[in-house]
Amino acid sequence: MNTFNHRKMKRKSLNKGPRHVLFPDIGKEAKDLLSKGYIKDDVFSISKSSSIGVVQSTTIVKHGRLSTSNIAANYNNDTVGVKMDSKSQLSATIGFRGHFSASTKTIFALKLPDDSSSELKFQYFHEHAVLASSFVLNQSPSVVISAAIGNPRIAFALEAEYKTARCFTKYDAGIHVANPKCNATITLSNKGDLLKALYMPHFDQPMKVAVAAEISRRFSTKEYTLTVGGSCEVDRRTALKVKLDNHGKLNTLLLHRFKHKSSLLVSGEINMKGLDKTPRIGLAVALIS
């Protein structure tokens, strides 16, 4: 299950180069604080590791009256993974690093019987840059290219998608700035229609507190959203998160860790502008051995 320790993330973020900030991951630390772990369903998962490096996991998710389940097995740090769900959808992922050189990584994902998600990814890492390409293999093939350049203090990221039938369907850009006191991210996505700005200050270590804010503006509808959130470590095993946006949506999250990294997660959502509506509650239990 998802856990959060933003004090450790802060120390690591200043030592990471641009290879960790391809467009989907740019501003990840602040985005995780505002979104990671919040759930609206009931989830139960069991994971078990073997001595040879195989991780077996079973996950059951309840969406209202409907339930889905997944059985997965991963080997050697997700180098090889196989997953099957309740609809008999089988997916396999194979990834290997250093086949062409020590700075490359190749991933192939295949989904059966529907091959619409079959994908081939190639990543190249450099000290001050990273380049990634993804090829979706279906009746209308598409190519996604992501690139980033910079250093642990400042990085620029770009991403574009080209479909053979529709030309360019996506082009996004972002900039990420980090220093010991804070980090900030600005992204422009959805073909220039959605502008987002993320800001996360860094506090002293003993406080065990993290906060972040995000403001987004959609130019086509002139709609904007402001979201603020924070997390606090109550003790070594318990953490609390909360976020609120300008539309009155309040989300809370309580995480309690048991022995052997097992955890219990309770998430709630309340509409402050519609208190007559029933609050939404999600419960997740993860047993890891």
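My numbering numbers the first residue of the sequence shown as 180 and each following residue consecutively. Heads up, the beta-carbon is just placed ideally off N, CA and C, and yes, glycines get one too.
**OP:** Determine the direct distance from the alpha carbon of V323 to that of A363, and round the result to whole angstroms.
**Re:** 25 Å
**OP:** Measure the alpha-carbon distance for S395 versus L299 and round it to whole angstroms.
**Re:** Their Cα atoms are separated by approximately 32 Å.
Subject >> Helix, strand or coil at L201 [DSSP, three-state] >> reply: The answer is coil: DSSP assigns L201 none of H, G, I, E or B.
**OP:** Let me know if G371 comes out buried or exposed under the rule of 16 or more other beta-carbons within 10 Å of its beta-carbon.
**Re:** exposed
**OP:** Note down, one range per segment and in chain order, each beta strand (DSSP E) of at least 3 residues found wholly within the segment 296–361.
**Re:** 298–304, 308–315, 321–329, 333–342 and 346–357
Original post:
Should Q318 be labelled buried (16 or more other beta-carbon atoms within 10 Å of its own) or exposed?
Top reply: exposed
**OP:** May I have the straight-line CA-CA distance separating G329 from L434, to the nearest angstrom?
**Re:** 35 Å
Subject >> Integer-rounded CB distance, given that Y378 should sit under 8 Å from C361 >> reply: 7 Å
Original post:
Taking the alpha carbon of A391 as the point to measure from, which residue in S410, F398, L373 and T400 has its own alpha carbon closest?
Top reply: S410
**OP:** Could you name the residues of the same chain whose beta carbon sits closer than 7 Å to that of G498, not counting the 5 residues immediately before and after it, in chain order?
**Re:** The shown model of the chain, from 180 to 468, leaves out residue 498, and the question about it has no answer.
**OP:** Helix, strand or coil for K452, going by three-state DSSP, please let me know.
**Re:** coil
**OP:** Please state if the CB of S321 and the CB of E340 are separated by a distance shorter than 8 Å.
**Re:** yes
Original post:
Where does M263 fall in DSSP's three states?
Top reply: strand
Subject >> Inter-residue spacing [alpha-carbon to alpha-carbon] between H242 and H305 >> reply: Cα atoms of H242 and H305: separation of roughly 42 Å, rounded to the nearest angstrom.
**OP:** Could you pull out every residue in the same chain whose Cβ sits closer than 6 Å to the Cβ of V240, ignoring the five residues on either side in sequence?
**Re:** Answer for V240: D220, V222 and T247, listed in chain order.
Original post:
So, is R190 buried or exposed, given that buried needs 16 or more other C-beta atoms within 10 angstroms?
Top reply: Here R190 scores only 41 on pLDDT, less than 50, and its place in the model should not be relied on; the value that follows carries that caveat. By the 10 Å Cβ count, R190 comes out exposed.
**OP:** Find the nearest neighbour of F335 within the set T343, A352 and K342, judged by alpha-carbon distance.
**Re:** A352
**OP:** Specify the secondary structure class of K191 as computed by DSSP and reduced to three states.
**Re:** Below a pLDDT of 50, predicted positions are generally treated as unreliable, and K191, at 44, falls in that range; no measurement from the model is reported.
Original post:
For the beta strand (DSSP E) that S224 lies in, which residues bound it at each end?
Top reply: D221 to S228
**OP:** For R198, I'd like the list of residues in its chain whose CB is within less than 6 Å of its CB, leaving aside the five on either flank, ordered along the chain.
**Re:** Unreliable positioning characterises R198 in this predicted model, as indicated by a pLDDT of 46, which lies under 50. A coordinate reading is not provided.
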